[in-house]
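Step one of this worksheet: look at the structure below.
Printed below as a string of structure tokens:
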């Protein structure tokens, strides 16, 4: 995919530039790179000039068109939402799942179905509020452990580090739920010339994401306002509320989102992907409708799986109204525009879009 | 037996942990039994942690010697490790020095981390030969062995070589005195193996040339 | 049974200097020995502890040297004969007690064995502890060889009782740790009982006590005038005399012999170095016009001799003094025969027997360019390797340019490659937390680097507690990492208050480090450093906190584990070894740098060195390819 570069380049181009997304793709493939919470660091230079870490990283040069071909077999035509086969609204049929989860509970329902039917043997998920505020990645083999993993997180955990650990242990037939940067890295791994356990991932469910918060800043902010051990759930209601709601054992606390935006990771500012454009299936919320999700099916494998799930009555679906679709496209395009602007601010060079390698048509849209 | 040279200076050189100190104790005790003044100069502490260690053993019929051999005055080097034997030459070696060396390397950490190279052992032996009168290679550790009593094998080699005027019996008595009873048999066995190895029953003969002895 | 306890008066045996000192104490009927381990003195109390049962000696490893000295003094005050031994730094720790016990006086013989370490072979500094004798107005003895080490120690108890003062016996590494001929003496039947009477108070009339102390010193001087430890060898009316004490004696004798100057140069050997036996010295310098002073390390004897020469100028006339001031011998580093021979040769205008220049040049070049250097490292299986790797990882993850202040122990080696160069400061016992607690108060000066203070378990009990209390009281931002390997390892794994047994091998209550921390009121966590991921996570979290906090990395020294239990034999499955490729890049041998793992040049894979490996298994947990396995285990 790109000319060989190694951990020293990763350090120089990504880690020291505040561009690391903490996806964990570079962690647990060698002893030199470690992650603690959402902080990734090269502990010791390995001395190799070319390696997997640089190749897998979602913030190193990424040829979007080539990746499209690798994942979808063809380049994209939709420049706001990426390649897809269908978009509709969906919700879990099981009300208990909907209750535990956020919004429609579709991700939980689909993962449960995948495990129960043996579609996958291992699910790599995150569990919120493991310890002090930081979501932890886990490998779930029994579907009854799934509901513990329901709910949204606003700090990202190094999911791919967990996946690397799992595939090293020989686990295969993996289903993974990730945010856009993690999904991007995973696809780079699968397309890589280097050997990687990522080829054992059979099902990728991507989430919608606008940004993630840095653990350090956010936890210190929250520590000052609430006893972290009492936190049950964190939620950001749809606009125009502009608040964050923290549910604790002792009641709810609200803050203005503006206070919280300070802790958005700088790398999110250059992120081009709101809807996990490289997943098999992407799932997000529907603005204004609490009980439903937006469900985007992207790959044939994804479609096959969803059709089975629908037939089995795991999810209810209904069409997504045109206005909502337009709204979604607009939102995603705004994120892309903002990303390109932020990148330009960093590089001061129209030709240098950091990690993005856009096709001529795409470039024309934004530059 | 009498000393051809007084004092007679011996250095046992190795790596911390190889049992230098025990070896020197056996040799020195044997020397006292033989009736000599013996001084053993050693250092403990940090060097034990994998650094080079030397024991200076000095025999005299006249008086107690100082613990360190003067520069250029070592008569015999017993090398528990090849490059440690070579390392002695710079400060203490002379053309008349005689060497008995085990060819089994122990790699320094800088070699393992790639910052230094460990030369081939045959080459190390040849370099030794350039500086001294005689080199005898004694294979104290066989392939795959842990080398537990290799230091005592080398003491046996020294004893059997005839380079020090101390009777074999005195060496064996010293071993019996110093070791705890349950270890005596193992160590006497190792000692005897060393005596045989150096006398050619299983040794690799290395080049030996007559040289000036002071 | 070793030579130490041999009841064969008149037999000549091989003895280490320290053992000879212990034997001297035994022959004096010593009752009580307290100490803290320190090279080169450790073997003195170790020997006495070994012999404790046979000779009715109480021996203990105290928490630090001043506590040891105080305990031994108590025994002396109760009429017993007591010995306390320590390395040079221990004397520094004792300084305050030394400067009061000299005024208050003692009862039963009390001998302080001070082991100096010229050239700091196993120390973090070089010093000459003889200066304390002059500072504290105490008698000082310097044994010159192994026989004197024994005989002087025995005599020191008698002298101490005569004077009512502690006697300092000063040794150096080359004497303490070297071995030589010792003719054994008789072992007495002793029947001493302890009883305390009288008053021993320093201070109320300190000036008067000081004057009385000076009187005692004069009394010592009288004794010294006829001591057999001071003697002269050489021509009767020599004009050139070497004046030497302690280790200098053997070097001087050999130097004179090497230059064949026996008929021209005399040697005045002093064994009672302070106060000087003035009459004796003056007597032997009557015809002398030149003297060379040979001693280790400071020009202590030199300066005192010069004072004497100045006082006796009328009697002795002008005398040229060669030594440190004249530049003939260095006032630093250890002495050896070559240095003394060179000095004597240059003064006398002679050529010392030189080595062939070409030979030396070629050999020295070999040493520099061809022979790989051999740095000390942690033993195979050492928990410090894992601890320092965890610290390195946590600091890198933290990313704020944090650093480590170090202390004294095996882990001091962590300042070098074995510890990934993590330690940035090393001073004295307790110096690490002492410094760190200062760094932790620099926030108002825009100091933002996190500081980790590393110290050992024995060091913690010895010296770290007051600084930790200080950190608590002032809320200093310091993360203290105590490397608890279960004993005082560097000096030979002597027990300490956390070990559960004492110097005599008897079970003893433990004083847990974490309980002390809780008592002080600081957060404390205890982890196994071999669980590296958890250790890194915990350290990282603690680095984000403020104020003083303590992490105890607890894992027993592997040398002890390996001795107690038969360890597994590990090997590398070279089919699984990733080696040079991405994902490993020779991590085990090159980076983790345990000497038990080497690189097999032929196979281009890692290999376990069975001569060196002790089977701790840590590399097996770290190997990214899962290639390191146990022999005989099911795959």
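Chains as they are written, first to last, in the numbering used here: chain A, 1 to 367; chain B, 1001 to 1214; chain C, 2001 to 2635.
C-beta atoms are modelled at their ideal positions from N, C-alpha and C, and glycine is treated no differently.
Note that the structure is predicted; figures quoted are calculated from it, not measured.
When the cut-off is 7 Å and only beta carbons count, does residue 1071 of chain B lie next to chain C?
yes
Residues of chain E with CB closer than 9 Å to the CB of residue 2393 of chain C, please, in chain order.
Of the protein chains in the structure, A, B and C, none is chain E.
Residues of the segment 2119-2141 of chain C in Cβ contact with chain B at a cutoff of 9 Å, in chain order, please.
2121, 2122 and 2123
For the beta strand (DSSP E) holding residue 178 of chain A, just list the boundary residues, first then last.
174-178
Would a C-beta distance cut-off of 7 Å place residue 2082 of chain C and residue 2075 of chain C closer than the cut-off?
yes
Verify whether the separation of the beta carbon atoms of residue 191 of chain A and residue 24 of chain A is less than 7 Å.
no
What residues of chain B sit near residue 2377 of chain C, judged by a beta carbon separation below 7 Å?
1049, 1050 and 1109
Helix or strand or just coil, what does DSSP make of residue 1001 of chain B?
coil
Below 7 Å between beta carbons: does that hold for residue 1135 of chain B and residue 1121 of chain B?
no
Only counting runs of 3 or more residues, tell me where the beta strand (DSSP E) segments fall wholly within the segment 2511-2575 of chain C, in order along the chain.
2523-2527, 2549-2554 and 2570-2572
For residue 2081 of chain C, does the three-state DSSP call read helix, strand or coil?
coil
Name, in chain order, the residues that DSSP records as bridge partners for residue 2012 of chain C.
C/2183
Tell me where the beta strand (DSSP E) around residue 251 of chain A begins and ends.
251-256
With a threshold of 7 Å between beta-carbons, can residue 2585 of chain C be considered close to chain A, or not?
yes
Looking only at its own chain, which residues have a Cβ that is under 8 Å from the Cβ of residue 1118 of chain B, when we skip the five neighbours before and after it?
If we look at residue 1118 of chain B and ignore the five residues flanking it on each side, its Cβ neighbours are 1083, 1105, 1107, 1108 and 1111.
Below 8 Å on C-beta distance, what does residue 30 of chain A contact in chain C?
Identification of chain C residues near residue 30 of chain A by a Cβ-Cβ cut-off of 8 Å yields 2582, 2583, 2584, 2585, 2587 and 2624, ordered along the chain.
Start and end of the beta strand (DSSP E) containing residue 2307 of chain C?
No beta strand (DSSP E) holds residue 2307 of chain C; the alpha helix (DSSP H) holding it covers 2300-2311.
When you compare the CB positions of residue 1153 of chain B and residue 1192 of chain B, do they come within less than 7 Å of one another, or not?
Here residue 1153 of chain B is not near residue 1192 of chain B, since their CB atoms are 7 Å or more apart.
So is residue 2371 of chain C in contact with chain B if we call contact Cβ pairs under 7 Å?
yes
Are the C-beta atoms of residue 2388 of chain C and some chain B residue less than 7 Å apart?
no
Out of C/2615, C/2580, C/2558 and C/2616, point me to the one whose CA is closest to residue 2606 of chain C's CA.
C/2580
Should residue 2439 of chain C go down as buried or exposed, given a rule of 16 or more other Cβ atoms within 10 Å for buried?
buried
According to DSSP, is residue 2094 of chain C helix, strand or coil?
helix
Are the segment 2558-2577 of chain C and the segment 1055-1072 of chain B in contact at 8 Å, needing three or more beta carbon pairs?
Counting Cβ pairs under 8 Å, fewer than three are found: no touch.
Can you find a heavy atom of the ligand COA that lies under 6 Å from the Cβ of residue 2113 of chain C?
Only the bare structure without any ligand can be found here, which leaves the ligand COA out of the picture.
Quick one: is residue 2201 of chain C buried, meaning 16 or more other Cβ sit within 10 Å of its Cβ, or exposed?
exposed
So who's on the other strand from residue 1058 of chain B, going by DSSP bridges?
B/1009 and B/1039
Excluding the 5 residues flanking residue 2044 of chain C on each side, which residues of the same chain have their C-beta closer than 6 Å to its C-beta?
2018, 2021, 2022, 2085 and 2113
By DSSP, does residue 142 of chain A sit in helix, in strand, or in coil?
coil
Candidates A/53, A/321, A/359 and A/282: which alpha carbon is nearest residue 164 of chain A's?
A/53
Could you check how far apart the C-beta atoms of residue 296 of chain A and residue 306 of chain A are, in whole angstroms? I think they sit under 8 Å.
In fact, because the Cβ distance is near 10 Å, the residues do not count as touching under 8 Å.
With a CB to CB cut of under 8 Å and the five nearest residues on each side skipped, what residues in its chain are close to residue 2546 of chain C?
2475 and 2477
Below 7 Å between beta carbons: does that hold for residue 2153 of chain C and residue 2025 of chain C?
yes
Consult DSSP for residue 242 of chain A and reduce its assignment to one of helix, strand or coil.
coil
When you compare only the Cα positions, how much space is there between residue 2346 of chain C and residue 2353 of chain C?
12 Å
Let me know the beta strand (DSSP E) ranges lying completely inside the segment 2434-2501 of chain C, each 3 residues or longer, listed in chain order.
2451-2456 and 2479-2484
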